[in-house]
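*Asks:*
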Amino acid sequence: MNQYDCSSAMITPSHFLPALLLMLFLGSDVLQAGESPPDTKRPVSESWSFVSIPDFLNFDIEYPQKGWEDALGFILESMKKEDPAFAMVAGDLVMGHWGTQKEEIDRWAKKYYPGWVQRFKDHDLKVYAALGDHEIRDNPWRGAGADAVPFYKDAFRRHLKMPLNGPEHMQGTAFYWLHKNALFVSVDVFEKGKSDQGEIAAGVTGRQLEWFERVLNEHGPKVDHIVVMGHTPILRPVRTFSSSGMLTVEGRESAFWKSMVRHGVDLYLCGEVHAVTCTQRGGIQQIAHGGLIGRTTKPNYLAVTVYEDRLELDLKEIELVNGTGRLWQQDKSRGPWDTITITEDRKKRGFTSIGQVLINKKGSPKTFEGATGFFMENTPKP
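Heads up, the sequence shown is in the working numbering, so the first residue is 37 and it goes up one at a time.
1) Look up Met265 in the DSSP assignment and give the residues it is bridged to.
2) For the alpha helix (DSSP H) holding Lys157, just list the boundary residues, first then last.
3) Are the CB atoms of Gln366 and Trp134 nearer to each other than 8 Å?
4) Under DSSP, the alpha helix (DSSP H) around Met296 begins and ends at which residues?
5) Express the C-alpha separation of Met131 and Phe95 in angstroms, rounding to a whole number.
6) Have a look at Val263, Ile89, Lys146 and Leu108 and flag the residue whose alpha-carbon is nearest the alpha-carbon of Lys352.
7) May I ask which residues mark the beginning and end of the alpha helix (DSSP H) holding Ser114?
8) For Tyr148, which of Ile236, His170 and Lys162 has the nearest alpha-carbon?
9) In the structure shown, what three-state DSSP assignment does Leu354 receive?
10) Around the C-beta of Ser369, are 16 or more other C-beta atoms found within 10 angstroms, so that it is buried, or is it exposed?
11) Measuring alpha carbon to alpha carbon, tell me which of Arg288, Leu338 and Ser290 ends up nearest Val312.
12) Can you tell me whether DSSP reads Pro49 as helix, strand or coil?
13) Note down, in chain order, each residue of its chain lying with its Cβ closer than 6 Å to the Cβ of Lys138, except the 5 sequence neighbours on either side.
14) With respect to the alpha helix (DSSP H) encompassing Lys247, which residues constitute its N-terminal and C-terminal limits?
15) So Gly281 and Gly307 are supposed to be a Cβ contact under 8 Å. How far apart are they, rounded?
16) Grouping DSSP H, G and I as helix and E and B as strand, with all else coil, what is Arg331?
17) Rounded to a whole number of angstroms, what is the C-alpha to C-alpha distance between Val301 and Ile395?
18) Suppose contacts are defined by Cβ-Cβ distances below 8 Å. Is Gly319 in contact with Pro401 by that definition?
Structural data, given as structure tokens:
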């Protein structure tokens, strides 16, 4: 019989049963995992979206917080209406002036982090949060304050429960995730080093940079888009409001920035400065924006719609009316306003756009098109 002619061969269940059982076993694992393996390029037939709101809230706020929940609820529900797969918060969730001893840090973390997490859950928003300076007691870091940083990072890790796939020394504070056709990386810019901020030098170097390179090398070629989130801006200048204006050391000359350019990163989302500056260099759109709700009168969020060959960005803002009293904060003399309000008239109008841009990736190199508002300011001229 011809080795390829099976027409006359008798096939019994005993021939294929083991293989069938193996296929069913493997198939059940795939079904339990829910999605395609991370290394598989996921085709995208329809658009999807995510939102970004750094520095939310940047104060120690209880849940519920009297005088705040109506406005916060409107902000979160407005983001929810964007139908995002998740929200990104580029650090400064709390005020975090929680002392230098592990016991007191853990006590305050237990008081404020669970409510912060639950607020997003109650609005059905999955959230990925980066580490900010207020999650590690606030800058600068010298003496006992610097020694306490590991205790603060441990509290963040335990309560926020971010993915534990970062470098060994930054598990839960540096991490990445994949969603459909995009790679997201959140970096921990608070590395040991000497700077004008004491014993912390903001940046991504050494072992974290090696890990960052590995993640981009492994997953970058298999996705359409790459987004990086870190607390401190890299490109300067940036606007500031009620902020120390901490920046990533070395800026565009840093190995971190050069690595992002080399790997074709599309977006770098950051906070810290509590004001909006959109700067595009090297094919990367940096967006410094966000909250400080309780002090600002104009909180904003970024909505990103993702397609296979483009990203559509829309920065949106709303006006707040602040109260006249102050909320108490641990080891902070000037706390946030005691009430925050969005008027009924403003609610009817909702958030309004303060800047849009389309990142077109149909050709090479990518182009930045149709810039309006804040996106027009720091875009290189052709």
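Beta carbons are placed, not taken as given, at the ideal position from N, Cα and C, and that holds for glycine.
*Replies:* Working from what's here:
1) Ser222 and Leu305
2) Lys138 to Asp158
3) yes
4) Ala291 to Arg298
5) 4 Å
6) Ile89
7) Glu105 to Lys116
8) His170
9) The sequence given here has Ile at residue 354, not Leu. Coil at Ile354, not helix or strand.
10) exposed
11) Leu338
12) Summary for Pro49: the model assigns pLDDT 40, below 50, so the residue's position carries little reliability; its value from the coordinates is reported in the next sentence. Correct three-state label for Pro49: helix.
13) Phe187
14) The identity of residue 247 in the sequence shown is Trp, whereas the question assumes Lys. Note, Trp247: alpha helix (DSSP H), Gly242 to His255.
15) That belief does not hold up - the Cβ atoms of Gly281 and Gly307 are roughly 12 Å apart, past 8 Å.
16) coil
17) 12 Å
18) yes
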